[in-house]
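Protein chains in written order, with this note's numbering: chain A, 1 to 453; chain B, 454 to 744. Glycine is no exception: its CB is placed at the ideal position from the N, C-alpha and C atoms.
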Amino acid sequence: MKDNNSLGQAMQAQVKRRSVLKAGAAGVAGGMLLPATARVAMAEDKKPLGAWPAGANGDSVFVGLTVDLTGPYSAQGAEQKNGYELAAEQINAGAPQVQKLSPLIKKGILGKKLVLGSADAETKPNTGVQAATRFIHDNKALMVAGSTSSAVAIALQKVCNREHTPYFTAISGSNETTGVDCQRYGFRLCYFAYMACKAIAPVVAKELGKNRKAAYLTPDYTYGHTTTQSMKEFTEKEGWKTVTNQVHPLGAKDYSSYLINIANTDADVLVVVAYGADAANAIKQAKQFGLLDKMKIVIPYMSAYLEKEVGADIMQGVYAAQGFWWTMQDNNPVAKDFVEAYEKKFGGKPRDSAMYAYLALVLWADAVERAKSFYPVDVVKALEAGEVRDSPVGKVTFRAEDHQGIVDFPILRGKKPADMKNPEDFFEIVQVVNGKDVLPTVGLLGCKMGGYA
Amino acid sequence: MPSMSLFLSQLFNGLATGLLLALISTGLTIIYGTLGVINFAHGALFVVGGYAGYTVYGLTGSFVLAVAGGAAVALACGLVMERGLMRKYYSRPPEDQILVTFGISIILVEIVRGLYGGVSLSVTPPDWGTGIARIGSLIYPLYRLETLGIAAVTLLLLYFVLYRTSLGLIVRAGIEDAQMVNALGINVKRTFLLVFGIGAMAAGFAGVINSPIVALTPDMGFRYLVESFVVVVIGGVGSFPGAVVGGIIAGEILSLTAMINPQYSDVMLFVAMALVLIFRPQGLMGQEGRE
């Protein structure tokens, strides 16, 4: 019976929440217990949106993290959690490192302590949506963040948009996320398939030759299909041919039959679109089948830790795009701060999933400080204002039209094991791509943004 | 149209994959076929075996010891599970058994994740499994070829112990009438413990044998659990020869569908299972009406 009750409650939550919030807000405002900012908001007659104003009334504000701690992308999810924790710690302390990114950040956000809560999205859209809904309704989360799978990110983006709660993806490689399914309350900072493929195609065509024949390994969901589509488009422009595309289920363990198919073609480049543990399995087995003796590997969108998972031996000579590589600290003091702080807190060098997580939380805090309010509409407008901030990968900002981050990212080439200066020195940076140059033009993929309230 | 050499390659790959699937599924079918328990912790025991093998391999450098270590740790888990919990559940409805074994699987996987983290680990094949075999036009990893033999020998051995010695007979009699078997001077409880242990050990053994082929992750057990269920449902739940037949059929379906349209290989596996359930609900080798 208890289950039935909570199901019923969940179904009525929307209606109930509004009336409860209205009544609560009116009562509290009458008692003049609200902090100054919220009083101003009330005076302007702002209607409650999402968990606002209930979530902004106390001494602390809550941010809900939907991270994939289990499933094929669990390694990246765990790293994201680290990134968020590091950002929250620095924001709450008003640390000098974080003030280099946002000079507005003092201790906490608008004087309130930032509290994080996390849930395992299990690399499944349903689970992620349930977690986000719980965060917003039960914990009064004013922001939701985290994703590795685009299927999860797109679902979360939709539910957070409906709940008028800003949502930041951590990793989402699919073109759809901001290209087709863009949402007023959804923000994606990270680079994605279109950008990565447009950037890496000319590099590999120059390095590996113009007349290559490529075989693809594609996970069967939105990220896989759009990445393969973009990579085909941009490599074929360079003169490459696509000889086969092997589509496999997400989380496949055995790639033998796909690899035998590929071995039976005359492909000389293996494009691994597979991500996370899938990529590790696919590449490891490709090596076992002897494919790598005659084929080069290109990874248009590489997951953090893949180099560790398959080892430097296999990674040497591999071309890959990733959101961040820790040696960027050599030229960027913000990156140096970030890498050092991460290493001190968690041990080991951070990868791109931690960097994007860290940065998203800081940029949200910065937007709230600029808006001087947690009111979701004001925060979204502040993010759309095009303010440029420093980051571990250079200047970043969001594009107002589709909420895609304008962000630089490196293209990497695997080092020979003999050339590695330390056990984490897997890659040399071939090029740092200017994000602006490889973004699709606004509206190219068909995004239509909804209203604010 | 796929060429003849590709077809033969995939046919062979289906057999190799199938026997490996059969090996992974046997523990599940042994425990169900003899004790009547659907062990949802099977995938987790497979993972525990794989990680334990990884550790022993790292410490000793011997793959044989790794296999022994992985199997031993899984055996120990199985014995603790049986004595501590499952014993109380033999007379409970199957839903209770599923819930408790599922709970154990979550705990085991989280322990593995806590100890080793989520980044996948690599196990290199032993010296005798390094390299590539060429059979006609087929290029095949030597280690995978050898697992075909290892799986076949192990399956025969397990079959012999469970079905051609008195052990299996005692267990079956014990389920029918424990009191009577006890009265004959046989310790039924200890026999049950032994069978549960063997089932868990088979999962752990398969985990180590499989580990050089895949990237070890704490989550991999779930997918193998699902595949194991498909295999035993096709072959006949609780039938040992059924697990072998089901494994080979599943392997061939995966390989041959992937040859024509890789996108549908998983779907076809479930289509095959559905067809078996419609036309022969007890499975290809299962007995009708068996509880």
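Where does alanine 636 of chain B land, buried or exposed, given buried means 16+ other C-beta within 10 angstroms? Counting the other Cβ atoms within 10 Å of the Cβ of alanine 636 of chain B gives fewer than 16, which makes it exposed.
Tell me whether serine 573 of chain B is buried or exposed, calling it buried when 16 or more other Cβ atoms sit within 10 Å of its Cβ. Classification for serine 573 of chain B: buried.
With a 10 Å radius around its C-beta and 16 neighbouring C-beta atoms as the bar for buried, classify proline 125 of chain A as buried or exposed. Burial call: buried.
Quick one: grab the DSSP three-state call for leucine 591 of chain B. When DSSP states are grouped into helix, strand and coil, leucine 591 of chain B belongs to the strand group.
Give the secondary structure of alanine 119 of chain A by DSSP, where H, G and I count as helix, E and B as strand, and everything else as coil. Here alanine 119 of chain A sits in strand by DSSP.
Report yes or no: is there a C-beta of chain A within less than 9 angstroms of the C-beta of alanine 605 of chain B? Contacts with chain A at 9 angstroms (Cβ-Cβ) do not include alanine 605 of chain B.
Those runs of the alpha helix (DSSP H) which lie wholly inside the stretch 661 to 715 of chain B and span at least 4 residues: Whole alpha helix (DSSP H) segments, 4+ residues: 673 to 688, 693 to 713.
Please classify glutamine 316 of chain A: does DSSP put it in a helix, a strand, or coil? Coil, per DSSP.
For proline 715 of chain B versus asparagine 261 of chain A, is the C-beta distance shorter than 9 angstroms? Result yes, Cβ atoms of proline 715 of chain B and asparagine 261 of chain A sit closer than 9 angstroms.
Rounded separation between methionine 143 of chain A and alanine 371 of chain A - CA only: Methionine 143 of chain A and alanine 371 of chain A have their alpha carbons spaced roughly 15 angstroms apart.
Return yes when the Cβ of glycine 435 of chain A is within less than 9 angstroms of the Cβ of phenylalanine 409 of chain A, no when it is not. Contact flag set, yes.
Does the distance from the CB of methionine 231 of chain A to the CB of valine 203 of chain A come in under 9 angstroms? Going by C-beta atoms, methionine 231 of chain A is not nearer than 9 angstroms to valine 203 of chain A.
As a quick exercise: from B:Arg733, B:Gln463, B:Gly736, pick the residue whose alpha carbon is nearest that of leucine 591 of chain B. Distance check between leucine 591 of chain B and each of B:Arg733, B:Gln463, B:Gly736 places B:Gln463 closest, using alpha-carbon atoms only.
Between leucine 114 of chain A and chain B, is there a C-beta pair that is closer than 9 angstroms? Residue-level contact by beta carbon fails for leucine 114 of chain A and chain B, as no gap is shorter than 9 angstroms.
Which word fits valine 548 of chain B, buried or exposed, when buried means at least 16 other C-beta atoms lie within 10 angstroms of its C-beta? The question names valine, but residue 548 of chain B in the sequence shown is glutamate. Answer is exposed; the Cβ neighbour count stays below 16.
What do you reckon, are the CB atoms on serine 74 of chain A and proline 671 of chain B nearer than 9 angstroms? In this structure, proline 671 of chain B lies closer than 9 angstroms to serine 74 of chain A by Cβ.
Is the Cβ of methionine 721 of chain B closer than 9 angstroms to any Cβ of chain A? Chain A, which has no Cβ nearer than 9 angstroms to the Cβ of methionine 721 of chain B, makes this no.
What is the rounded straight-line gap between the Cα of proline 333 of chain A and the Cα of valine 393 of chain A? A straight line joining the alpha-carbon of proline 333 of chain A with that of valine 393 of chain A spans about 10 angstroms.
Using a Cβ-Cβ cutoff of less than 7 angstroms, which residues in the same chain neighbour methionine 654 of chain B once the five nearest sequence positions on both sides are dropped? The answer, listed in chain order, is Ala524, Ala527, Leu528, Gly531.
Would you be able to state if there are at least three C-beta pairs under 8 angstroms between the stretch 57 to 72 of chain A and the stretch 108 to 119 of chain A? The stretch 108 to 119 of chain A, when compared against the stretch 57 to 72 of chain A, does touch it at the 8 angstroms Cβ threshold.
With contact counted as at least three CB pairs below 8 angstroms, one residue from each stretch, are the stretch 406 to 426 of chain A and the stretch 492 to 502 of chain B in contact? The stretch 406 to 426 of chain A vs the stretch 492 to 502 of chain B: no contact.
Chain A partners of leucine 620 of chain B, CB-CB under 7 angstroms? By Cβ distance, chain A contributes nothing, its closest Cβ being about 33 angstroms from leucine 620 of chain B, past 7 angstroms.
Compute the beta-carbon to beta-carbon distance between threonine 165 of chain A and arginine 188 of chain A, rounded to the nearest angstrom, for a pair I have assumed lies under 8 angstroms. A Cβ-Cβ separation of about 16 angstroms leaves threonine 165 of chain A out of contact with arginine 188 of chain A under the 8 angstroms criterion.
Under 9 angstroms between the Cβ atoms of glutamine 316 of chain A and glycine 414 of chain A? Cβ distance < 9 angstroms, so glutamine 316 of chain A and glycine 414 of chain A count as in contact.
Applying a beta-carbon distance threshold of less than 7 angstroms, which residues of chain B neighbour histidine 248 of chain A? Simply Pro715.
Report buried or exposed for tryptophan 581 of chain B, applying the criterion of at least 16 other Cβ atoms within 10 angstroms of its Cβ. The residue is exposed, with fewer than 16 neighbouring Cβ atoms inside 10 Å.
Any residues in the stretch 625 to 639 of chain B with a beta carbon nearer than 7 angstroms to a beta carbon of chain A? Which ones, in chain order? For the stretch 625 to 639 of chain B, the beta-carbon criterion of a distance under 7 angstroms to any beta-carbon of chain A is satisfied by none of its residues.
Is the distance from the Cβ of alanine 792 of chain B to the Cβ of glycine 522 of chain B below 9 angstroms? It is not possible to answer for residue 792 of chain B, since the shown part of chain B is limited to 454 through 744.
Glutamine 329 of chain A versus valine 430 of chain A: straight-line alpha-carbon distance, rounded: Distance between the alpha carbons of glutamine 329 of chain A and valine 430 of chain A is about 15 angstroms.
Would DSSP call methionine 738 of chain B helix, strand or coil? In this structure, methionine 738 of chain B counts as coil in the three-state DSSP scheme.
For leucine 650 of chain B, collect the residues of the same chain with a Cβ closer than 6 angstroms to its Cβ; drop the 5 residues on either side in sequence, then sort them by chain order. Note on identity: in this sequence residue 650 of chain B is glycine, with leucine being the wrong assignment. Taken in chain order, the residues that qualify are Leu528, Gly531, Leu532.
With distances taken from CA atoms, which of B:Gly627, B:Leu595, B:Val517, B:Val724 is nearest glycine 486 of chain B? Distance from the Cα of glycine 486 of chain B is smallest, within the candidate group B:Gly627, B:Leu595, B:Val517, B:Val724, for B:Gly627.
List, in order along the chain, the chain A residues whose C-beta lies closer than 9 angstroms to that of valine 679 of chain B? Taking the beta carbon of valine 679 of chain B as reference, no residue of chain A falls within 9 angstroms; the closest one sits roughly 10 angstroms away.
Neighbourhood of lysine 112 of chain A by C-beta distance below 8 angstroms, restricted to the same chain and skipping five residues each side: Cβ contact annotation for lysine 112 of chain A (same chain, cutoff 8 angstroms, sequence separation greater than five): Ala56, Gly58, Asp59, Ser60, Val61, in chain order.
Got a sec, what are the start and stop residues for the alpha helix (DSSP H) arginine 625 of chain B sits in? Segment 619 to 629, the alpha helix (DSSP H) holding arginine 625 of chain B.
Give every residue of the same chain whose Cβ lies closer than 6 angstroms to the Cβ of lysine 395 of chain A, excluding the five residues on either side of it in the sequence, and list them in chain order. For lysine 395 of chain A, same chain residues with a beta-carbon under 6 angstroms away, outside a window of 5 residues either side, are Val388 in chain order.
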